[in-house]
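**Q** Quick note: the sequence shown, position 12, residue 12 per this note's numbering, numbers continuous.
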Amino acid sequence: MDARDLILLALKCAIAATVFTYGLQATRDDFLYIAHRPGLLLRSLVAMLVIMPLIVVACVYYLDLPQPTAVVLVALAISPVPPLLPRKHKKAGGVAPYGLGLLVVLALVSIVTVPLSAALLDWLFARAMRVAPFALVKIVLTMIIAPLAAGLLVSKLMPRAAHYLLTPVRRVATLLLFAGALVLLAGTWHAIWSATGHWTVLAIVAFVLAGLVVGHSLGGPEPEHASVLALSTASRHPAIALTISAMNFPGEQFAPTLVLYLILCTLLAIPYVKWQRSRSALSSGTP
1 MDARDLILLA LKCAIAATVF TYGLQATRDD FLYIAHRPGL LLRSLVAMLV
51 IMPLIVVACV YYLDLPQPTA VVLVALAISP VPPLLPRKHK KAGGVAPYGL
101 GLLVVLALVS IVTVPLSAAL LDWLFARAMR VAPFALVKIV LTMIIAPLAA
151 GLLVSKLMPR AAHYLLTPVR RVATLLLFAG ALVLLAGTWH AIWSATGHWT
201 VLAIVAFVLA GLVVGHSLGG PEPEHASVLA LSTASRHPAI ALTISAMNFP
251 GEQFAPTLVL YLILCTLLAI PYVKWQRSRS ALSSGTP
């Protein structure tokens with residue numbers, strides 16, 4: 001295992017630990033929140049699984065994108081699982097149970113929808129796109145389902161331990177996330193800069209902005225739902241996208257383009273979160 005593999009392992013552990021903290025705080029009502037709102041659930045699935053892949057198809061078809069960029073965008077579009085979103089949801093005034101329920105639903109449906117989407121895009125572009133179900137199930141289980149279930153189990157059987165574990169686990173996860181991201185960014189900076197040309201930045205910006213607009217529009221009329229779906233639609237799981245990309249084109253380097261996507265997605269989400277917070281403050285009468 002080289003240094004790059006260790007960095008990616010640290011990032012995966014950070015995501016799994018963060019999901020574990022969600023399980024420590026989640027309740028049964030949190031998981032039933034979205035199930036009791038079938039209209040919201042349907043709009044959420046349409047936004048993430050139908051509209052966004054169609055937008056990416058248009059970008060790939062009309063823009064002369066380099067192969068790594070086109071493959072990464074396609075992989076992101078069919079990777080519906082959003083990472084680390086409940087914290088962003090809270091900052092944007094979103095409803096935490098909706099974000100948590102959506103995370104679980106998308107994790108489960110991705111096992112079926114990702115291979116189907118890859119097959120459809122393979123037929124549309126005459127480009128070999130395949131997804132090994134075992135690899136996808138492994139990511140979903142190890143990074144979302146298992147840590148979430150472990151957090152729920154600890155919270156149920158040992159509530160006092162869950163209370164004491166919450167803060168230190170969250171801090172360790174945050175430290176791993178930022179340290180791993182900074183080291184990865186430093187090690188791939190020149191490759192990231194090289195990946196910014198040939199419509200790549202424009203295509204990624206269009207993907208993120210389209211996700212925010214589509215999610216916000218279909219998440220309404222309640223603003224607390226709109227912010228959750230907007231951030232979920234714009235943000236996709238980099239581990240799943242990297243797995244799909246590397247599986248189909250093992251000779252290509254996709255990490256720089258994915259890091260560029262994460263940077264641009266984070267930067268573009270900041271003004272949206274601030275706008276939603278200001279709207280929430282005005283509606284509640286908070287100065």
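Even for Gly, the Cβ is constructed at its ideal location relative to N, Cα and C.
Using only alpha-carbon positions, find the residue among S217, M247, P250 that is nearest to A234.
**A** S217
**Q** I'd like the span of the alpha helix (DSSP H) that includes L152, first residue to last.
**A** 146–157
**Q** Hey, is the segment 235–247 in contact with the segment 256–273, meaning 3+ C-beta pairs nearer than 8 angstroms?
**A** The segment 235–247 and the segment 256–273 touch, with no fewer than 3 CB-CB distances between them shorter than 8 angstroms.
**Q** Can you find the residues in the same chain that come closer than 8 angstroms, C-beta to C-beta, to A107, ignoring five residues on each side of it along the sequence?
**A** V81, V140, I144, I145
**Q** I'd like to know if the segment 109–117 and the segment 271–279 are in contact, where contact means that at least 3 CB-CB pairs between them fall below 8 angstroms.
**A** no
**Q** Between the Cα of E224 and the Cα atoms of V46, T257, A77, P97, which residue gives the shortest distance?
**A** Looking at the Cα atoms, P97 is the closest of the given residues.
**Q** Assess, as a yes-or-no matter, whether the segment 203–222 is touched by the segment 56–64 under the definition of 3 or more beta carbon pairs within less than 8 angstroms.
**A** Yes: at least three Cβ pairs fall under 8 angstroms.
**Q** Do G220 and M52 have their CB atoms nearer than 8 angstroms?
**A** no
**Q** I'd like to know whether the C-beta atoms of V105 and I34 end up nearer to each other than 8 angstroms.
**A** yes
**Q** Can you tell me whether A92 is buried or exposed? The criterion is at least 16 other CB atoms within 10 Å of its CB, across all chains shown.
**A** Residue placement at A92 is poorly supported in this model, since its pLDDT is 49, which falls under 50; the coordinates are not used for a value here.
**Q** Between which residues of its own chain and A162 is the CB-CB distance below 7 angstroms, once the five residues before and five after are set aside?
**A** L24, V154, S155
**Q** Within this structure, are the beta carbons of T69 and G151 separated by less than 8 angstroms?
**A** no
**Q** Taking the alpha-carbon of L268 as reference, which of L202, L49, N248 has the nearest alpha-carbon?
**A** L202
**Q** Does the separation of the CB atoms of V19 and L102 fall below 8 angstroms?
**A** no
**Q** Within 10 angstroms of the Cβ of V50, are there 16 or more other Cβ atoms? Answer buried if so, exposed if not.
**A** exposed
**Q** Nearest CA to the CA of V172: which residue from R28, L63, I15?
**A** I15
**Q** Going by alpha carbons, who is nearest to L45 out of V137, V214, P250, M247?
**A** V214
**Q** Could you check what DSSP says for E224 in three-state terms: helix, strand or coil?
**A** helix
**Q** Between which two residues does the alpha helix (DSSP H) harbouring L73 extend?
**A** 67–77 is the span of the alpha helix (DSSP H), which, as asked, contains L73.
**Q** If you draw a straight line from the alpha carbon of F254 to that of V137, how long is it in whole angstroms?
**A** The alpha-carbon atoms of F254 and V137 are separated by roughly 21 angstroms.
**Q** What is the rounded straight-line gap between the Cα of I78 and the Cα of A118?
**A** The straight-line gap from Cα to Cα measures roughly 7 angstroms.
**Q** Is it true that the CB of L116 sits closer than 8 angstroms to the CB of R236?
**A** no
**Q** Can you list, in chain order, the residues of its chain with a C-beta nearer than 7 angstroms to that of L40? Leave out the 5 residues immediately preceding and following it.
**A** I34, H225
**Q** Consult DSSP for Y62 and reduce its assignment to one of helix, strand or coil.
**A** helix
**Q** Using a Cβ-Cβ cut-off of 6 angstroms (strictly less than) and excluding sequence neighbours within five positions of V48, which residues of its own chain qualify?
**A** Reading the sequence as shown, one finds Met at residue 48 and not Val. Closer than 6 angstroms at Cβ, skipping near neighbours: P80, T233.
**Q** Taking C-alpha atoms, which residue in T257, L9, R37 lies nearest to T200?
**A** T257
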